[in-house]
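Chains as they are written, first to last, in my numbering: chain X, 31 to 214; chain V, 377 to 799.
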């Protein structure tokens, strides 16, 4: 994020903020989409995060931390959206399949489907821990900061999230074996 | 998908593929429209000044328009001179008056979390006892002794969708559970009578035995960002919360009186309530300078300046960097090495009376963990988070850097309770 744009936005320049938001939007959306597993909810979460960022832009003192601050806002907006979505029971129907996916081997597709199913079954906060660690590839301190939790809590949560998704996959595999008449 | 490394790679690849498959952009315009209909918060709410690049509001620019001393009439110059002399004499005695009686060191006890479980041990780490037990499901952490040493509080991060699934437990000295209530990042009052905790409603105050005493309201308009550690005023009557967006410390009386802003951040790297010294004096870090700020007048006095070449001042983790004596401060300067892309950290102690700084832990590419002082300010207990795959560990070291000792390997959070009498 260009520091000059952040400074201009900090001084109330709406166009500078729009440029920052445009530059950050794709990644923020992807973070929210991974956590929420729903495109509409992700769009709502990013909108909430960007609105909050604009309202509180003057709280940002260090331009180089603006991006991390935005990520934090979108993670927390995603938590709130998850709470609301949980009440609405939104189910997303996926109609688009990427070219890369279509060209992969059956095994790889099966693995991805397993991961997809398992990822949906773990909690948003566990998804968030996996996203900041594996997708954003933040170090532990940065990841804890983005999630807004102490370092020890992040490490513990990441361990639990990893265990949870592996357990979900193994449960699926056991169910599949049972369905095929193979002893689990 | 059985091997951890292989699984992690597959998970990473899958997340990247999923992220690429998402179709962002369609809602950008709506988001920008939503932004356009709002205004940023008033500048004064973001603090009295800013170390933001640009015209500083504190410093020479803030004095623009004020008469210089040489332009004042003779009588005013005389009065100004007398005031400066008095202020100088007052500042000499200022730090010394902050000292208060430290508890008598004796037998101590250590509580720590390791692999999601809480352990109690002697303060040397010897004879650990596992307090919690769960093979799968909840993770326990954040152990905190009550100041009087009678109770231990810890957090249970229950499996569930959101952060408000966390609950706090209180156990007595025998390990018997005396209270369980929803919340996270709870904080004992100095008199050990109350516990303030974040929860889904906001902030709640419980008795030491878990009776809900009061639900506290966040300051109006600040409900969404109470994500900071809580603290207390010394009289145990008000909860201190450091809010973000914009950063400011608020004091919320537990008798239900309206909250009030203690300060809003200006040219300050705020770390939270831990910045308060025992007498309410605030430690301020601005533009590479440590200052002590008088709680009444807001006047600051520089104690130390940044070491040349260092990037950023940071507190050492989530503990209390101020020693109980109020005369020492644990901190870390970071810097970017010439090779490698990870910042380096050290653990240093600043003597607030002399401004002298001592490096306790050699710098390394590590992040910072919790820290606790011994009551006499002679030793520190700190958690050194592991780097990469390495496990974090609890260490003890003298405040002068002497006798570093590995207390517990593999622990991620700790509290250290010194007791005046053996149990």
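The beta-carbon is built from N, C-alpha and C at its ideal position, and this holds for glycine as well.
Practice task
Put residue 618 of chain V into one of helix, strand or coil per three-state DSSP.
Solution key: strand
Handout entry: Range of the contiguous beta strand (DSSP E) that encloses residue 724 of chain V
Key = Residue 724 of chain V: member of the beta strand (DSSP E) spanning 721-727, first to last residue.
Practice task
Over the uninterrupted beta strand (DSSP E) stretch that includes residue 175 of chain X, give me the two end residues.
Solution key: Here residue 175 of chain X belongs to no beta strand (DSSP E); instead the alpha helix (DSSP H) covers 170-177.
Exercise for the section: Grab me the residues of residue 478 of chain V's own chain with a C-beta within less than 7 Å of its C-beta, minus the 5 sequence neighbours each way, in chain order. Expected result: Only weak support exists for where residue 478 of chain V lies, its pLDDT of 27 falling under 50; the value from the coordinates is given anyway. Closer than 7 Å at Cβ, skipping near neighbours: 700, 701, 751, 752 and 753.
Exercise for the section: Enumerate in chain order the residues of its own chain whose CB-to-CB distance from residue 132 of chain X is below 8 Å, with the five nearest sequence positions on each side excluded. Expected result: Residue placement at residue 132 of chain X cannot be trusted, given a pLDDT of 41 that sits under 50; what the coordinates show is reported in the next sentence. Around residue 132 of chain X: no qualifying Cβ.
Handout entry: Option in V/703, V/612, V/781 and V/583 with minimal Cα separation from residue 733 of chain V
Key = V/703
Practice task
Could you tell me if residue 153 of chain X is buried or exposed, where buried requires 16 or more neighbouring beta carbons within 10 angstroms of its beta carbon?
Solution key: buried
Problem - Nearest-angstrom Cα separation, counted from residue 570 of chain V out to residue 389 of chain V - result: So the alpha carbons of these two residues sit roughly 48 Å apart.
Problem - residue 404 of chain V at chain X interface by Cβ criterion, 8 Å - result: Taking Cβ atoms only, chain X reaches closer than 8 Å to residue 404 of chain V, which makes this a yes.
Practice task
Give the single residue among V/591, V/590 and V/565 whose Cα lies nearest to the Cα of residue 606 of chain V.
Solution key: V/565
Practice task
Kindly list, in the order they appear in chain X, the residues whose Cβ is closer than 8 Å to that of residue 407 of chain V.
Solution key: 51, 55, 73, 76, 77, 80 and 81
Exercise for the section: Using a Cβ cut-off of 7 Å, pull out every chain V residue sitting near residue 64 of chain X, in sequence order please. Expected result: By Cβ distance, chain V contributes 391, 394 and 395.
Problem - Rounded separation between residue 630 of chain V and residue 675 of chain V - CA only - result: Cα to Cα, residue 630 of chain V sits roughly 29 Å from residue 675 of chain V.
Practice task
Enumerate in chain order the residues of its own chain whose CB-to-CB distance from residue 40 of chain X is below 7 Å, with the five nearest sequence positions on each side excluded.
Solution key: 87, 88 and 90
Practice task
Examine the Cβ distances between the region 156-170 of chain X and the region 513-525 of chain V and report whether three or more of them are shorter than 8 Å.
Solution key: no
Practice task
Measure the C-alpha to C-alpha separation of residue 55 of chain X and residue 75 of chain X and round it to an integer number of angstroms.
Solution key: For the pair residue 55 of chain X and residue 75 of chain X, the Cα-to-Cα distance works out to about 11 Å.
Practice task
Please state if the CB of residue 533 of chain V and the CB of residue 187 of chain X are separated by a distance shorter than 8 Å.
Solution key: Contact flag set, yes.
Problem - residue 529 of chain V - DSSP class collapsed to helix/strand/coil - result: strand
Problem - C-alpha distance - residue 706 of chain V paired with residue 141 of chain X, whole-angstrom precision - result: 48 Å
Exercise for the section: Have a look at residue 38 of chain X and residue 71 of chain X and give me their C-alpha separation to the nearest angstrom. Expected result: 30 Å
Practice task
Compute every distance between the C-beta of residue 775 of chain V and the non-hydrogen atoms of the ligand ZN, then say whether any falls below 7 Å.
Solution key: Although the ligand ZN was asked about, the structure shown includes no ligands whatsoever.
Practice task
Thinking residue 728 of chain V and residue 708 of chain V are a contact (beta carbons under 8 Å), I'd like their distance in whole angstroms, please.
Solution key: 16 Å between Cβ atoms; not a contact.
Handout entry: DSSP bridge partner residues for residue 553 of chain V (one or two, in chain order)
Key = V/547
Problem - Euclidean distance between Cα positions of residue 450 of chain V and residue 612 of chain V - result: 49 Å
Practice task
Assess, as a yes-or-no matter, whether the region 552-559 of chain V is touched by the region 163-171 of chain X under the definition of 3 or more beta carbon pairs within less than 8 Å.
Solution key: no
Practice task
Determine the DSSP secondary structure at residue 90 of chain X, reduced to helix, strand or coil.
Solution key: coil
Practice task
Measure from the C-beta of residue 141 of chain X to each C-beta in chain V and report whether the shortest distance is under 8 Å.
Solution key: yes
Handout entry: Residue-chain proximity (residue 517 of chain V, chain X), Cβ-Cβ < 8 Å
Key = yes
Practice task
Grab me the residues of residue 523 of chain V's own chain with a C-beta within less than 7 Å of its C-beta, minus the 5 sequence neighbours each way, in chain order.
Solution key: 564, 566 and 568
Practice task
Determine whether the Cβ of residue 15 of chain X lies closer than 8 Å to any Cβ atom of chain V.
Solution key: Nothing can be reported for residue 15 of chain X: it is not among the residues displayed for chain X, which extend from 31 to 214.
Handout entry: residue 735 of chain V versus residue 485 of chain V - alpha carbon distance
Key = 26 Å
Practice task
Report the three-state DSSP secondary structure of residue 167 of chain X (helix, strand or coil).
Solution key: coil
Handout entry: Touch test, the region 43-50 of chain X against the region 61-71 of chain X, Cβ-Cβ under 8 Å, three pairs minimum
Key = No, they do not touch.
Practice task
Output, in sequence order along the chain, the residues in the region 179-193 of chain X whose CB is closer than 9 Å to any CB in chain V.
Solution key: 179, 180, 181, 182, 183, 185, 186, 187, 189, 190, 192 and 193
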